[in-house]
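Chains C and Z are the protein sequences, given in the same order.
In this text, residue positions in the first sequence follow numbering that gives the first Met the number 0: the first is 0, and each later residue adds one.
In this text, residue positions in the second sequence follow numbering that gives the first Met the number 0: the first is 0, and each later residue adds one.
C-beta atoms are modelled at their ideal positions from N, C-alpha and C, and glycine is treated no differently.
Let me begin by presenting the structure, written as structure tokens, before commenting on it.
2 protein chains.
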Amino acid sequence: MRISEVAQAASVPLTAVKYYQREGLLPPGEKSAPNQTTYDTRHVERVRLVRALLETGGLSVAVTKQVLAVLDADTAPLAEVFAAAQYAMTSSRAQDNGASQESRDRIEGRVSAAGWCSTSDNPGLEAAARALDGLRTIGFDAPDAYLDAYLNAAATAARADVAALHGRQERDAIAELMVVGTVLGDPLFAGLRRLAQQDAMHDLFPVSDHASPAGADIEGAQS
Amino acid sequence: MRISEVAQAASVPLTAVKYYQREGLLPPGEKSAPNQTTYDTRHVERVRLVRALLETGGLSVAVTKQVLAVLDADTAPLAEVFAAAQYAMTSSRAQDNGASQESRDRIEGRVSAAGWCSTSDNPGLEAAARALDGLRTIGFDAPDAYLDAYLNAAATAARADVAALHGRQERDAIAELMVVGTVLGDPLFAGLRRLAQQDAMHDLFPVSDHASPAGADIEGAQS
């Protein structure tokens with residue numbers, strides 16, 4: 000098929016497909032004539048995958064390229080694929096190493112109290128510590144109960160991530176889900192947290208019940 | 000103090016502070032002489048807040064500006080602040096309305112089964128549905144158990160978010176935590192999920208125990 004048909008089959012605008020191509024995110028097509036290149040269903044699948052990583056997952060082109068390279072290296076051990084997935088954080092800024100030692104210690108302390116087995120080079124440590132630093136800029140020094148709730152949430156999601164891998168048999172299918180599941184689990188959770196917040200807010204600040212004691216303090220502070 | 004002292008006090012590079020200023024993210028200083036403008040601790044706090052939203056939270060300049068405007072409108076009811084926080088999704092692409100109806104229905108179905116009270120204009124619905132669409136591009140049609148694990152994780156985090164608000168008395172302090180907590184809870188969770196995955200992987204693919212039945216299928220598929 001032609002490049003325009005690839006775009007149509009993947010439901011992705013042709014300009015986006017050409018952009019992926021220019022950025023080296025798609026494998027080359029086959030020269031079928033001096034002025035013609037043909038593509039196949041593997042290109043359609045790759046276009047969909049690139050779109051999911053870039054647009055929905057928010058990865059940069061550079062990180063997407065690294066992730067695809069690991070996926071394409073059929074001989075890469077799954078441990079290496081897993082490491083690539085781990086480093087493909089939605090926010091590439093998380094790898095700046097700018098978090099305070101205090102916040103890193105806080106996270107490591109709770110992770111250790113939870114009995115998790117993890118290493119200090121795990122990029123998640125830096126990302127979580129930076130978020131704690133950000134919360135501290137507004138004078139919110141997250142208490143243990145708050146951090147532990149997030150740890151529990153993370154453990155619940157991670158168990159589901161790993162359980163999903165067990166549903167696949169082929170190495171390539173497992174590798175793909177490892178990477179895409181790790182990347183897209185972040186926006187999936189972020190979206191569901193917005194929905195859960197609306198529900199939790201409804202319980203605590205009932206719109207129709209101003210006499211509720213649960214919301215009294217906060218409604219009193221409302222201007 | 001001078002602008003360079005604001006940068007130093009906030010531990011943010013001067014070039015970044017000047018950029019925030021040029022983008023209209025900082026309130027103006029006070030003209031103390033024809034060629035001199037002075038700033039105070041409120042500017043230091045604002046620089047830290049802007050950095051947390053932009054760099055750690057990954058918000059765009061435009062969304063950060065909207066969020067600050069709501070925070071600065073002292074008379075805005077907390078419900079409006081909450082709405083602004085909800086719409087300040089880490090990925091602004093989440094507001095494209097590009098998710099499939101099928102995925103939106105899937106999410107609404109699980110949310111309704113969980114008994115959550117939420118409305119269909121909640122931006123989280125679109126974000127979560129897009130993530131599901133992305134997972135489907137690699138042939139992973141998330142089973143109910145997977146989605147429900149993420150719903151549970153989101154509910155756990157959202158309850159902690161709301162509980163944290165109850166620890167604050169002043170309207171401004173509540174509003175600030177509503178916004179910053181909503182924005183930074185995403186990277187906090189994302190980081191902790193990387194740590195939790197390492198732990199969950201360790202249990203299921205034990206490096207030192209190749210005979211483990213739990214990891215057998217997947218290790219067998221490894222090349």
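Strand pairing of residue i, partner residues [DSSP]
i, result
"C:Gln35", "C:Ala32"
Pairwise C-alpha distance: residue j and residue i
i, j, result
"C:Ala87", "C:Cys116", "20 Å"
"Z:Gln196", "Z:Pro76", "39 Å"
"C:Ala8", "Z:Ala126", "23 Å"
"Z:Ser31", "C:Gln85", "51 Å"
"C:Leu52", "C:Gln100", "31 Å"
"Z:Ala210", "Z:Leu25", "Here Z:Ala210 scores only 35 on pLDDT, less than 50, and its place in the model should not be relied on; the value that follows carries that caveat. Going from the Cα of Z:Ala210 to the Cα of Z:Leu25 covers about 60 Å."
"C:Asp140", "C:Val110", "17 Å"
"C:Ala113", "C:Asp104", "14 Å"
"C:Ser10", "C:Leu124", "37 Å"
"Z:Tyr19", "Z:Pro142", "44 Å"
"Z:Ala72", "C:Leu194", "25 Å"
"Z:Ala130", "Z:Asn34", "52 Å"
"C:Tyr145", "C:Ile106", "12 Å"
"C:Arg158", "Z:Gly23", "43 Å"
"C:Ala163", "C:Asn151", "19 Å"
"C:Leu191", "Z:Ala153", "6 Å"
"Z:Leu48", "Z:Ser102", "35 Å"
"C:Ala98", "Z:Asp198", "22 Å"
"C:His165", "Z:Arg50", "40 Å"
"C:Ala189", "C:Asp39", "35 Å"
"C:Arg170", "Z:Glu44", "50 Å"
"Z:Asp120", "C:Tyr149", "26 Å"
Local Cβ density within 10 Å of residue i, reported as buried at 16 or more and exposed below that
i, result
"C:Arg1", "exposed"
"C:Gln168", "exposed"
"Z:Thr63", "buried"
"Z:Pro12", "exposed"
"Z:Thr181", "buried"
"Z:Ala78", "exposed"
"C:Glu29", "exposed"
"Z:Pro122", "buried"
"Z:His42", "buried"
"C:Ser59", "exposed"
"Z:Gly133", "buried"
"Z:Ala61", "exposed"
"Z:Val118", "Per the sequence shown, the amino acid found at residue 118 of chain Z is Thr instead of Val. With fewer than 16 other Cβ atoms within 10 Å, it is exposed."
"Z:Thr136", "buried"
"Z:Ala83", "buried"
Own chain, CB closer than 7 Å to residue i, minus 5 neighbours either side, in chain order
i, result
"Z:Pro27", "none"
"C:Phe81", "Met177"
"C:Glu175", "Leu70"
"Z:Asp147", "Arg109"
"C:Ala93", "With a pLDDT of only 47 at C:Ala93, under 50, the local geometry of the prediction cannot be trusted, and the value read off the model is given with reservation. Within the same chain, C:Ala93 has close Cβ partners Pro122, Glu125, Ala126, Arg129."
Neighbourhood of residue i by C-beta distance below 6 Å, restricted to the same chain and skipping five residues each side
i, result
"Z:Lys17", "none"
"Z:Thr37", "Gly28, Glu29, Ser31"
"C:Met200", "none"
"C:Ser3", "Leu13"
Own chain, CB closer than 8 Å to residue i, minus 5 neighbours either side, in chain order
i, result
"C:Pro186", "Thr55, Gly56, Gly57, Thr89"
"C:Ala6", "Pro12, Leu13, Ala15, Val16, Val46"
"Z:Gly184", "Ala156, Asp160"
"Z:Arg21", "none"
Jot down the residue ranges of each uninterrupted alpha helix (DSSP H) in the segment 147–213 of chain Z, minimum 4 residues, whole runs only, in chain order. The qualifying runs are 170–203.
Continuous alpha helix (DSSP H) assignments of at least 4 residues falling wholly in the segment 65–93 of chain Z: Taking only runs of at least 4 residues, the alpha helix (DSSP H) segments lying wholly in the segment 65–93 of chain Z are 77–86.
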